[in-house]
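Residue numbers (the numbering used here), protein chains in the order written: chain A, 1 to 354; chain B, 1 to 828.
Just below is one structure, and these are the notes that go with it.
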Amino acid sequence: MTSPIDVDALVAEGSAALTAAATADEVRRVLTATLGKRSPLVAAHRSLGGLDADQRRVLGRRLEEAKQTLEALADERRRALEAAELEAALLAERLDLGEELPDRTCTPLSRGSLHLVTTTRDALEDTFVGMGFEVVEGPEVETDWYNFGALNIPPAHPARGMWDTFYLAVGEPETVLLRTHTSPVQVRLMEAAVAAGMVPIHAVMPGRCYRRDTPDARHLPVFHQVEGLVVDEGITFADLAGTIETFTTAYFGADIHSRLRPAYFPFTEPSAEFEVTCTICRGSGCRTCSGTGWIELGGCGMVDPAVFEAVGIDGEQWAGFAFGFGIDRCAQMRHQIADMRALVENDVRFLRQF
Amino acid sequence: MRVPLSWLREYAPVGDDVDRLSETLDDLGLVVEGIERIGEGLGDVVVAEVREIAPIEGADRIRRVVVDDGHGPVDVVCGAWNFAVGDRVPLAPVGSVLPGGFAIGRRKLRGVESNGMLCSSRELALGEDHQGILVLGADGADERPRPGTPLLTALGLEPDVVFDVAVEANRPDALCVTGVARDLAARLRVPFALPEPPPLPSMADRAADGLVAVECPDLCPRFTARVLSGVVVGPSPRWLARRLERAGMRPINNVVDASNYVMLELGQPTHPYDRDRLVGGRLVVRRARAGERITTLDGVERVLGQAGPGLGDTGEDCVICDGSGAPVALGGIMGGASSEIGPDTRTVLLEAAYFAPLAVARTSKRLGLRTEASVRFERGCDPEGIDRAVARLCEVLSLSAGPQFAVEPVAVDVRGDVPKPQRVRVRTGRVNALLGTELGADDVSDALVPLGMAVERAEGDVLEVTVPTFRPDIRPAPHGEADIAEEVARTSGYARLPRTRPAWPQPGRLTDRQRERRRLREVAVGLGAFEVWTSAFATAAEHALGGAGVDAVEVTNPLVAAEDRLRTSLAPGLVGALRYNEERRSSGLRLFEVGSVFAAGSADDPRGVPVHTVERFALALAGVGDDAWSAVAAWRLTARALRVADWSIRHGVPGSPAPAPLHPFRSGVLSCPSPKGASVEVGVVGELHPEVAVSLGLRDGAGRAVRVGWLDLDLDVLLDPAAVARRSDQAAAVSRFPSSDVDLAFVVDDQVPAAAVRATLSEAGGEATESVTLFDVYRGPSVPDGTRSLAFRVRLCSQDHTLTDAELAERRSAMIAAVETDHGGSLR
Numbered sequence: 001m002t003s004p005i006d007v008d009a010l011v012a013e014g015s016a017a018l019t020a021a022a023t024a025d026e027v028r029r030v031l032t033a034t035l036g037k038r039s040p041l042v043a044a045h046r047s048l049g050g051l052d053a054d055q056r057r058v059l060g061r062r063l064e065e066a067k068q069t070l071e072a073l074a075d076e077r078r079r080a081l082e083a084a085e086l087e088a089a090l091l092a093e094r095l096d097l098g099e100e101l102p103d104r105t106c107t108p109l110s111r112g113s114l115h116l117v118t119t120t121r122d123a124l125e126d127t128f129v130g131m132g133f134e135v136v137e138g139p140e141v142e143t144d145w146y147n148f149g150a151l152n153i154p155p156a157h158p159a160r161g162m163w164d165t166f167y168l169a170v171g172e173p174e175t176v177l178l179r180t181h182t183s184p185v186q187v188r189l190m191e192a193a194v195a196a197g198m199v200p201i202h203a204v205m206p207g208r209c210y211r212r213d214t215p216d217a218r219h220l221p222v223f224h225q226v227e228g229l230v231v232d233e234g235i236t237f238a239d240l241a242g243t244i245e246t247f248t249t250a251y252f253g254a255d256i257h258s259r260l261r262p263a264y265f266p267f268t269e270p271s272a273e274f275e276v277t278c279t280i281c282r283g284s285g286c287r288t289c290s291g292t293g294w295i296e297l298g299g300c301g302m303v304d305p306a307v308f309e310a311v312g313i314d315g316e317q318w319a320g321f322a323f324g325f326g327i328d329r330c331a332q333m334r335h336q337i338a339d340m341r342a343l344v345e346n347d348v349r350f351l352r353q354f
Numbered sequence: 001m002r003v004p005l006s007w008l009r010e011y012a013p014v015g016d017d018v019d020r021l022s023e024t025l026d027d028l029g030l031v032v033e034g035i036e037r038i039g040e041g042l043g044d045v046v047v048a049e050v051r052e053i054a055p056i057e058g059a060d061r062i063r064r065v066v067v068d069d070g071h072g073p074v075d076v077v078c079g080a081w082n083f084a085v086g087d088r089v090p091l092a093p094v095g096s097v098l099p100g101g102f103a104i105g106r107r108k109l110r111g112v113e114s115n116g117m118l119c120s121s122r123e124l125a126l127g128e129d130h131q132g133i134l135v136l137g138a139d140g141a142d143e144r145p146r147p148g149t150p151l152l153t154a155l156g157l158e159p160d161v162v163f164d165v166a167v168e169a170n171r172p173d174a175l176c177v178t179g180v181a182r183d184l185a186a187r188l189r190v191p192f193a194l195p196e197p198p199p200l201p202s203m204a205d206r207a208a209d210g211l212v213a214v215e216c217p218d219l220c221p222r223f224t225a226r227v228l229s230g231v232v233v234g235p236s237p238r239w240l241a242r243r244l245e246r247a248g249m250r251p252i253n254n255v256v257d258a259s260n261y262v263m264l265e266l267g268q269p270t271h272p273y274d275r276d277r278l279v280g281g282r283l284v285v286r287r288a289r290a291g292e293r294i295t296t297l298d299g300v301e302r303v304l305g306q307a308g309p310g311l312g313d314t315g316e317d318c319v320i321c322d323g324s325g326a327p328v329a330l331g332g333i334m335g336g337a338s339s340e341i342g343p344d345t346r347t348v349l350l351e352a353a354y355f356a357p358l359a360v361a362r363t364s365k366r367l368g369l370r371t372e373a374s375v376r377f378e379r380g381c382d383p384e385g386i387d388r389a390v391a392r393l394c395e396v397l398s399l400s401a402g403p404q405f406a407v408e409p410v411a412v413d414v415r416g417d418v419p420k421p422q423r424v425r426v427r428t429g430r431v432n433a434l435l436g437t438e439l440g441a442d443d444v445s446d447a448l449v450p451l452g453m454a455v456e457r458a459e460g461d462v463l464e465v466t467v468p469t470f471r472p473d474i475r476p477a478p479h480g481e482a483d484i485a486e487e488v489a490r491t492s493g494y495a496r497l498p499r500t501r502p503a504w505p506q507p508g509r510l511t512d513r514q515r516e517r518r519r520l521r522e523v524a525v526g527l528g529a530f531e532v533w534t535s536a537f538a539t540a541a542e543h544a545l546g547g548a549g550v551d552a553v554e555v556t557n558p559l560v561a562a563e564d565r566l567r568t569s570l571a572p573g574l575v576g577a578l579r580y581n582e583e584r585r586s587s588g589l590r591l592f593e594v595g596s597v598f599a600a601g602s603a604d605d606p607r608g609v610p611v612h613t614v615e616r617f618a619l620a621l622a623g624v625g626d627d628a629w630s631a632v633a634a635w636r637l638t639a640r641a642l643r644v645a646d647w648s649i650r651h652g653v654p655g656s657p658a659p660a661p662l663h664p665f666r667s668g669v670l671s672c673p674s675p676k677g678a679s680v681e682v683g684v685v686g687e688l689h690p691e692v693a694v695s696l697g698l699r700d701g702a703g704r705a706v707r708v709g710w711l712d713l714d715l716d717v718l719l720d721p722a723a724v725a726r727r728s729d730q731a732a733a734v735s736r737f738p739s740s741d742v743d744l745a746f747v748v749d750d751q752v753p754a755a756a757v758r759a760t761l762s763e764a765g766g767e768a769t770e771s772v773t774l775f776d777v778y779r780g781p782s783v784p785d786g787t788r789s790l791a792f793r794v795r796l797c798s799q800d801h802t803l804t805d806a807e808l809a810e811r812r813s814a815m816i817a818a819v820e821t822d823h824g825g826s827l828r
């Protein structure tokens, strides 16, 4: 059976031309010449009609294979050339960053702004520093022990349902997680203080926390908390209430006060939720505070004896209180942000207001 | 938990001051989330009989209705059509104010005077029905009330208030009306009494007649059953049905209602079975077999015995089976459809049990099935409250179950290892030390007794407190002492505890790192940059964009399926924020972020967490005219603000891992000397890769990528003074002698970094070198290809004399020679 066309020769010829092509444009031209409308391959395809069925099938398949081979080669060649061209273009604009000249210095057109969460956190830190607290930070990725176990929330404790946790695929399942609160920093701090023989502790611990909650106007799955811990001799619940009140008036203003009411947290006993005078209506009652004049801000209580036991602090010698609340929530209250999600959209029209 | 005030008052005379009660409940930690006032504003509404209905000329939607309000005919105009002459309907007379504050006045409609309003259920806040007027006695169940009767009397309604109380997870005892009443009574110092139903025939502590077998006492530590015969199933008495409704439960039939009533009253869930529909008329309590199925009362078929995630769930489900071994109920959660109480039920097998809290919690969580019963059992019911609950249920049911109703002497109580009353040793001094109070032992005792605790005085100020089994939240000693202190504080009121301001000698402070981080942020803001906060989670595509060479940490249960890993770089977030703003026509921005990035780490991480976390700072400079130079300048200012002793740029960026996708020839790695003299990398500086800029839609008029300057710093290194040396803070004397400038231009090969030439000049100038400034760079026809001219101004100054011309010439020669030798540069 003689073929009316030497397919192998065409492929060899086309391959050689593609390999020789020095630019991506040239690859395109070669491809048009080899596979385009006027190419011998297409002409051969057209002539298939005149062949008997067997020949048509055999030749047709060979032509299709030839086409695919050449197209693949062209593709590969084009990619290599384009990468080289990009590399050359990038190299052509190479800079020696030591050649910085006075007139190359950028001049700011205007002042930018800190994120609202940053300014809020800074202001909270400053308030607490003024009250005699150190500022301590801890890791965002935690172990089950620091986030739960040491805080009197053993595995399978139903209270774990209070926190929807993001777990990480590290080690045994559900052992490493994104901290759901800043409380694990308390545990680390107490452990370190015990190891160094450096109790008492007076510290606040700001930081980022994670809970697997669908975002809405009042919740974000990633948020910021500040936690306070005092461990000293003779510390009482009255000291806790007094500290919360001092903070409240110092941060929110002299006409904003605090009150405590019983609550449940596994890591404090007695526990309380603390509320502050509604900053919108200043206590007279409005929609934001459901007419009560009070807004719930955070939780607090006396460090639970089980937590002291876990970190090796003698609960007979030392006593302590802890408190915690949302930094973002403070920002929302203070700046009357209707929807918390504005904080993570990063729209500069929002950011530049602050 | 919805608590009607009228029901509360059956157990304790708590008064009717709703605001005070609500505040008291809040202050007890039983937070009132809502108050519903039933029957409020209905005091003036009376029953009226329809006498006549007449059309109004020109009106096709309203009619004139004459009613008799017991004192004579009253004309009203009404838009409803669902009543006829002779019907009894509610009339709100002129001057009355309906629920929601709607005041009824005399009105004229189409010339017809209307002297009141006929009301629908919704207008009276009695229901949702607003299809027409509430026609009284229409269901035939009630006698038709006489005209003029107050509506509340006609309906047998007493005005009531329902508190919606949020109960904390550790207080199962408060998930019932008596529990709330007990707390309130303790605070208000009023008596409290539980219902005392007549006793039932005593139960045998054995599996009587094979009525019940418990094969899994660990999942079900106590199980009791009673046989109730001669039951006629029908509707509950009206008062009972209404109570259930007010507490948020739908009345079903007298048997189920009695069970629910007792649960709401005493907190003990019970389950009635139609005994005739139980094969063998008996029950077996056992572990579910893997893959076993049950169709619960809600009509859903559920597969049991499968391990689930979390709570250490190994798939142990407690099922109640009948004599055939087929499951008829999920223990402590929900009954099965097959043995449901129906209209034909005659004999009831009544289950009242104590199920292990954790087992119920696991099954409920895994099956996604939360019921009134499961919520109570998983928090912990009172194993000793069962007998009272059963007796009370029989008492309540006897009111409606017919004349043949009897509690059979056939009864079973299978008792295993149930929680026992805790004994807690409480030191009054310790309670005072925790609370900051000065209570006496009697004060503590007085606070605890009304809560159901038994208190005995031991030696000195020590009390022996026996905690009832309905308070599983109170732990044994020593931890229980704090729990008792909370009870003392709660009963006296947190607001009444003293407030003191503690003082300590240690000063408050920020760490150096915290202060420097603030300074770093201020530098960026001063450069016109806005701080952003972007997601800590990344998709695969985002991971490829920044930090691709780093092993990302996978999130097991991501909130958004694609965001399945922690970010390894700040670049994706920052680039995303640029794009977000670009799409909203905010262009030419500078943005920065400070945040953690994460990489899979080793288990020997010093913080005991097998994930490597680094705090980074990234600054994207996409302002008009911004490019790599802007980034270098930003770094220079940053280094200065942080008092970094010195720094250098090594050109090129590491391909992997790169913190950001950078231009390979317009970027470099920043290094600083450590205090010990070694060089440490602190980050990268340069320009975003143009392909990334294009993908962001950042193009200029000609379609070319807009240049984006990029500075990306590792703060764990940069802000650590032990890692990066700082400039000395010791004052250096300023020379009082004039300085002189030497200008030198060299033709240097392109491959020689300008910074290296500058360093050579500085060194060759000797200690007289005050500064070396590059002031011109020239490439072009006047210098050979592959070279450029670098023009420096060297300022020289001596501390102790004015430099002479000879000295300057000597320095100049030394500098020229050094550049020639070290860099092959020739003076131009």
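Just so it is clear, CB atoms sit at the ideal spot from N, CA and C, and this is done for glycine as well.
Only a predicted model underlies this, so the values are computations on that prediction, with no experimental measurement involved.
Margin query: Using only CA atoms, which one of A:110, A:348 and A:235 lies nearest to residue 199 of chain A?
Written below: As a working mapping, residue 199 of chain A is identified with position 199 in the first sequence. The option with the nearest alpha carbon to residue 199 of chain A is A:235.
Item checked: C-beta atoms of residue 706 of chain B and residue 620 of chain B nearer than 8 Å -> Here the question's residue 706 of chain B lines up with position 706 in the second sequence. Here the question's residue 620 of chain B lines up with position 620 in the second sequence. Contact flag unset, no.
Margin query: Using CA atoms only, rank isn't needed, just tell me which of A:103, A:253, A:46 and A:298 is closest to residue 224 of chain A.
Written below: The residue given as residue 224 of chain A occupies position 224 in the first sequence. Of the candidates A:103, A:253, A:46 and A:298, the one whose C-alpha sits nearest the C-alpha of residue 224 of chain A is A:298.
Check: Helix, strand or coil: which one does DSSP assign to residue 328 of chain A?
Finding: As a working note, residue 328 of chain A is residue 328 in the first sequence. Collapsing the DSSP output to three states places residue 328 of chain A in a helix.
Notebook entry, point to check: Anyone know if the C-beta pair for residue 791 of chain B and residue 743 of chain B falls short of 8 Å?
Noted result: Taking the first residue of the second sequence as position 1, residue 791 of chain B is located at position 791. Taking the first residue of the second sequence as position 1, residue 743 of chain B is located at position 743. Yes, the Cβ-Cβ distance between residue 791 of chain B and residue 743 of chain B is below 8 Å.
Check: Could one say the Cβ of residue 331 of chain A lies closer than 8 Å to chain B's Cβ atoms, at least one of them?
Finding: Here residue 331 of chain A refers to the residue found at position 331 of the first sequence. No, because no Cβ of chain B sits closer than 8 Å to the Cβ of residue 331 of chain A.
Item checked: Members of the segment 660-686 of chain B near chain A, C-beta cut-off 9 Å -> For chain A, the residues of the segment 660-686 of chain B that bring a beta carbon within less than 9 Å of one of its beta carbons are 663, 664, 665, 666, 667, 668, 685 and 686, in chain order.
Margin query: Under 8 Å, Cβ to Cβ, is there at least one residue of chain B near residue 131 of chain A?
Written below: Here residue 131 of chain A refers to the residue found at position 131 of the first sequence. Cβ-Cβ to chain B under 8 Å: yes for residue 131 of chain A.
Item checked: Range covered by the alpha helix (DSSP H) that runs through residue 245 of chain A -> To locate residue 245 of chain A, count along the first sequence from 1; it is residue 245. Run containing residue 245 of chain A: 237-252, per the alpha helix (DSSP H) assignment.
Checklist line | Whole-angstrom distance between residue 317 of chain B and residue 433 of chain B, CA atom to CA atom | finding: On the second sequence, residue 433 of chain B is found 433 positions in, with the first residue counted as 1. On the second sequence, residue 317 of chain B is found 317 positions in, with the first residue counted as 1. Roughly 45 Å between the two C-alpha positions.
Checklist line | Cβ-Cβ distance between residue 303 of chain A and residue 274 of chain A below 8 Å | finding: Position 303 of the first sequence holds residue 303 of chain A. Position 274 of the first sequence holds residue 274 of chain A. No; because the gap between Cβ atoms is not below 8 Å, this pair is not in contact.
Note to self: Just to make sure I have the definition right: I need the residues of chain A whose C-beta is within less than 7 Å of the C-beta of residue 610 of chain B. Which are they?
What the structure shows: Locating residue 610 of chain B in the second sequence gives position 610, counting from the first residue. Within chain A, the residues near residue 610 of chain B are 170, 171 and 176.
Check: In angstroms, rounded to a whole number, what distance separates the CA positions of residue 811 of chain B and residue 652 of chain B?
Finding: Reading the second sequence from its first residue, position 811 is the one you call residue 811 of chain B. Reading the second sequence from its first residue, position 652 is the one you call residue 652 of chain B. So the alpha carbons of these two residues sit roughly 34 Å apart.
Margin query: Give me, in chain order, the residues of the same chain whose beta-carbon lies closer than 6 Å to that of residue 681 of chain B; leave out the 5 immediate sequence neighbours on both sides.
Written below: Start at 1 with the first residue of the second sequence, and residue 681 of chain B comes out as number 681. Same-chain partners within the cutoff: 669 and 671.
Notebook entry, point to check: Do residue 46 of chain B and residue 87 of chain B have their C-beta atoms closer together than 8 Å?
Noted result: Residue numbering aside, residue 46 of chain B sits at position 46 when the second sequence is read from its first letter. Residue numbering aside, residue 87 of chain B sits at position 87 when the second sequence is read from its first letter. Going by C-beta atoms, residue 46 of chain B is not nearer than 8 Å to residue 87 of chain B.
Notebook entry, point to check: In chain A, what lies closer than 7 Å to residue 514 of chain B by C-beta?
Noted result: If you number the second sequence from 1, residue 514 of chain B lands on position 514. Residues of chain A passing the Cβ test: 135.
Notebook entry, point to check: Considering residue 350 of chain A, what are the terminal residues of the alpha helix (DSSP H) in which it resides?
Noted result: Numbered from its first residue, the first sequence carries residue 350 of chain A at position 350. Segment 348-351, the alpha helix (DSSP H) holding residue 350 of chain A.
Margin query: Can you check which of these residues, A:48, A:149, A:52 and A:334, is closest to residue 63 of chain A by C-alpha distance?
Written below: Taking the first sequence and counting its residues from 1, one reaches residue 63 of chain A at position 63. Considering only alpha carbons, the answer is A:48.
Checklist line | Members of the segment 420-445 of chain B that neighbour chain A once the beta carbon cut-off is set at 9 Å | finding: 430, 432, 433, 434, 435, 436 and 437
Notebook entry, point to check: Based on Cα-Cα distance, which residue from A:291, A:168 and A:189 lies nearest to residue 313 of chain A?
Noted result: Working through the first sequence from its first residue, we reach residue 313 of chain A at position 313. The residue with the shortest Cα to Cα distance from residue 313 of chain A is A:189.
Next item on the list: Please name the residues in the segment 290-307 of chain A whose beta-carbon is closer than 8 Å to at least one beta-carbon of chain B, in chain order.
Entry: Within the segment 290-307 of chain A, contact with chain B at the beta-carbon level (separation under 8 Å) is assigned to 302, 304, 305 and 306.
Note to self: In the DSSP assignment, the beta strand (DSSP E) including residue 790 of chain B goes from what residue to what residue?
What the structure shows: Numbered from 1 along the second sequence, position 790 holds the residue referred to as residue 790 of chain B. Unbroken beta strand (DSSP E) run through residue 790 of chain B: 787-796.
Margin query: Using only the alpha-carbon positions, how far apart do residue 187 of chain A and residue 142 of chain A sit?
Written below: The residue labelled residue 187 of chain A in the question sits at position 187 within the first sequence. The residue labelled residue 142 of chain A in the question sits at position 142 within the first sequence. For residue 187 of chain A and residue 142 of chain A, the distance between alpha carbons rounds to 11 Å.
Item checked: Burial state of residue 205 of chain B (16 or more Cβ within 10 Å) -> Here residue 205 of chain B refers to the residue found at position 205 of the second sequence. Interpretation of residue 205 of chain B is limited by its pLDDT of 48, a score under 50 that renders its predicted location unreliable; the figure taken from the coordinates is listed afterwards. Result: exposed.
Check: What is the C-beta distance between residue 269 of chain A and residue 482 of chain B, in whole angstroms, given that I count them as a contact (C-beta under 8 Å)?
Finding: Reading the first sequence from its first residue, position 269 is the one you call residue 269 of chain A. Reading the second sequence from its first residue, position 482 is the one you call residue 482 of chain B. Contact flag correct, Cβ pair sits at about 4 Å.
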